[in-house]
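Residue numbers (this note's numbering), protein chains in the order written: chain A, 1 to 243; chain B, 1 to 243.
The beta-carbon is built from N, C-alpha and C at its ideal position, and this holds for glycine as well.
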DNA sequence: CCAAAAGTGTTTTGGGTACACCCATGA
DNA sequence: TCATGGGTGTACCCAAAACACTTTTGG
């Protein structure tokens, strides 16, 4: 019993370090085999799915908090991160999903628990290398896994809205975000890059036009040829030039 | 003395209605005589200038709070409002300007005063009709006045950053925001519209190209001719079609 | 008749798409 | 030599920019 009280106190103390009412949600995009993916947390035994998120420390830059969330879930630093919107609907304050999560975690709580308040969500999207990321679950969750964006489970609260808005921003910023640089391997072929674009935009692109546009952008450097073992001419591989 | 205590209590109670740590700032654009303007508050006798802002009620939609702030300062409803960024730098938590403001207002305060905490600013820009707006100062300020965007006073904290980012977003969204509809009179000439565009973008535009682009957009309806009394052909007046 | 600004037709340009063709490669 | 996919040149289209010309109006 004493242990339990101690735990509650410690719990309470740690929440004290954070700004109340402000959460940070991250839509973390990855790409593999023609599928656009995002990281999704599943809370323990609750069947509740959510975007990776976190809170803002009282002495922390907002953008640093987003970087920290990203690092905690993927182990990656120096990642393309973009703040695209802040969500503040009242529908966000439905506390039932989080109550369920706390119950399944055997965490004692009352109505005033930090996690049961109304949160404004400052939301970011990130582009990460699928192969380099090592998804890590947080204390409340069983898993942090990649899901194809066209096969997402039902997400808690307005998290599906958040994802959709992130995708829309990604589509609009597709060139500015240098998607290839952030979502592909270091080197890649032109059709791999085109496949990525087509997956994100959800539409077929003209092959020759795409080729020329990319070359004219001046951001691509052509390296050697790639031996594919396929019955056709082998493609060049490219790399993005830093600028 | 009793009155004073009563006031403090009332003051405390009223701050209780708001979410802590979250503020809303509005860059309210107007346009008159080839000058782009924004509304700026001057705090009482302090020489401190700031963007109009406010706070989020605990039971209020975020976007509604922005509308409320706009209404309180201009008396206008149904205005084009766009949330463009959330600012969360630690530099925002310098409390000295607000302490000065409270002192000049003879408002008793201690370190824990609501206005002296760290705030995350969810920021919106608005486009309003200069002639219809009736700027109203808030309780802490002497004035709420229009300033030409190229002659702004020094603004507190990061408010000049906020303005700059708002302007950048306005420039990018200039067509989507239907700038003419929101910043001009109901009817206007083509060159008035072009002057508005040139002022916002800060560059000269090709006259005939602008004319044609606007007509091809299909959003303009040509009305009659305008008698100008000027020694040249009189221009048509136009109106935006609603859709 | 002139100057000034508005409106409109014509030409040029440049990016995007479509198509045709050649190249490289393994079966 | 055939099928397949990669690379590139040519033709075409459309929208934006540049230019030229006409129209209207007061002095």
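Suppose you measure from the CA of residue i to the CA of residue j; what does that come to, to the nearest Å?
i	j	result
residue 225 (chain B)	residue 126 (chain B)	31 Å
residue 35 (chain B)	residue 26 (chain A)	40 Å
residue 58 (chain A)	residue 32 (chain A)	37 Å
residue 158 (chain B)	residue 124 (chain A)	21 Å
residue 184 (chain B)	residue 239 (chain B)	10 Å
residue 8 (chain B)	residue 107 (chain B)	The pLDDT assigned to residue 8 (chain B) is 48, lower than 50, so where the model puts this residue is not dependable; a value taken from the coordinates is nonetheless given after this. The straight-line gap from Cα to Cα measures roughly 8 Å.
residue 43 (chain B)	residue 167 (chain B)	24 Å
residue 79 (chain B)	residue 149 (chain B)	20 Å
residue 147 (chain B)	residue 41 (chain B)	10 Å
residue 69 (chain A)	residue 117 (chain A)	20 Å
residue 19 (chain B)	residue 154 (chain B)	28 Å
residue 176 (chain B)	residue 119 (chain A)	30 Å
residue 192 (chain A)	residue 143 (chain A)	30 Å
residue 212 (chain A)	residue 232 (chain A)	21 Å
residue 81 (chain A)	residue 50 (chain A)	19 Å
residue 209 (chain B)	residue 196 (chain B)	15 Å
residue 215 (chain B)	residue 182 (chain B)	18 Å
residue 207 (chain B)	residue 190 (chain B)	9 Å
residue 194 (chain A)	residue 230 (chain A)	19 Å
residue 83 (chain B)	residue 217 (chain A)	31 Å
residue 30 (chain A)	residue 128 (chain A)	5 Å
residue 94 (chain A)	residue 17 (chain B)	19 Å
residue 138 (chain B)	residue 202 (chain B)	32 Å
Spell out whether any CB of chain A is found under 8 Å from the CB atom of residue i.
i	result
residue 122 (chain B)	yes
residue 246 (chain B)	What is shown of chain B runs 1 to 243, which leaves residue 246 (chain B) out entirely.
residue 234 (chain B)	no
residue 18 (chain B)	no
residue 157 (chain B)	no
residue 90 (chain B)	yes
What residues in its chain sit with their C-beta under 6 Å from that of residue i, if we drop five residues either side in the sequence?
i	result
residue 102 (chain A)	109
residue 219 (chain A)	240, 241
residue 114 (chain A)	15
Using 8 Å as the limit for Cβ to Cβ distance, is residue i near chain B?
i	result
residue 85 (chain A)	yes
residue 23 (chain A)	no
residue 81 (chain A)	no
residue 56 (chain A)	yes
residue 118 (chain A)	yes
Measuring alpha carbon to alpha carbon, tell me which of the options ends up nearest residue i.
i	options	result
residue 156 (chain A)	A:21, A:18, A:52	A:52
residue 96 (chain A)	A:189, A:111, A:82	A:111
residue 186 (chain B)	B:54, B:100, B:221	B:221
residue 55 (chain B)	B:164, B:122, B:46	B:122
residue 151 (chain A)	A:23, A:15, A:24, A:39	A:39
residue 130 (chain B)	B:140, B:139, B:94, B:145	B:145
residue 140 (chain B)	B:23, B:104, B:214	B:104
residue 23 (chain A)	A:85, A:195, A:45, A:181	A:85
residue 28 (chain A)	A:45, A:164, A:217, A:94	A:164
Please go through the same chain and pick out, in chain order, the residues whose beta-carbon is closer than 7 Å to the beta-carbon of residue i, but skip the five residues on each side of it.
i	result
residue 200 (chain B)	36, 170, 171, 174, 179
Between which residues of its own chain and residue i is the CB-CB distance below 8 Å, once the five residues before and five after are set aside?
i	result
residue 198 (chain A)	204, 205
residue 161 (chain B)	87
residue 223 (chain A)	187, 236, 237, 238, 239
residue 227 (chain B)	234
residue 21 (chain A)	117, 118, 119, 120
residue 5 (chain A)	At residue 5 (chain A), the pLDDT of 44 sits below 50, so the modelled position is not reliable; the number obtained from the coordinates is stated separately. If we look at residue 5 (chain A) and ignore the five residues flanking it on each side, it has no Cβ neighbours.
residue 48 (chain A)	42, 97, 100, 101, 156
residue 244 (chain A)	It is not possible to answer for residue 244 (chain A), since the shown part of chain A is limited to 1 through 243.
residue 67 (chain A)	77, 79, 81
task = Assess, as a yes-or-no matter, whether the region 57–75 of chain B is touched by the region 76–95 of chain A under the definition of 3 or more beta carbon pairs within less than 8 Å.
result = Yes, the region 76–95 of chain A touches the region 57–75 of chain B.
Is the region 133–144 of chain B in contact with the region 69–83 of chain B, if contact means three or more CB pairs nearer than 8 Å? Touching, yes.
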